[in-house]
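In our numbering, the protein residues as written are 64 to 125.
The beta-carbon is built from N, C-alpha and C at its ideal position, and this holds for glycine as well.
What follows is a set of notes on a single structure, which appears directly below.
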């Protein structure tokens with residue numbers, strides 16, 4: 064369902080997070096990758112979602 068960017072955007076409203084494969088969990092700042100199920104939280108304003116995604120799961124095929 065979340066393969067399309069438009070669905071991920073609807074889930075969280077932050078383009079850079081959705082573009083990086085994340086969907087919003089509905090709780091605090093917790094997001095999950097639709098592809099590898101990586102869960103990240105405690106985002107800082109300067110964090111780059113692409114870098115964080117690849118740092119915590121470099122094997123994600125997304």
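Problem - residue 115 - DSSP class collapsed to helix/strand/coil - result: The residue labelled residue 115 in the question sits at position 52 within the chain shown. Here residue 115 sits in helix by DSSP.
Problem - Extent of the continuous alpha helix (DSSP H) run through residue 82 - result: The residue given as residue 82 occupies position 19 in the chain shown. From DSSP, the alpha helix (DSSP H) with residue 82 extends over 78-82.
Handout entry: Same chain, Cβ closer than 6 Å to residue 79, neighbours up to 5 away in sequence not counted
Key = Taking the chain shown and counting its residues from 1, the one referred to as residue 79 is at position 16. Only 112 meet the Cβ criterion.
Practice task
With a floor of 4 residues, list each alpha helix (DSSP H) that falls wholly inside the region 81-109, ordered by position along the chain.
Solution key: none
Problem - Buried versus exposed call for residue 94 [16 or more other C-beta atoms within 10 Å across all chains shown] - result: Position 31 of the chain shown holds residue 94. When all chains shown are included, residue 94 counts as buried.
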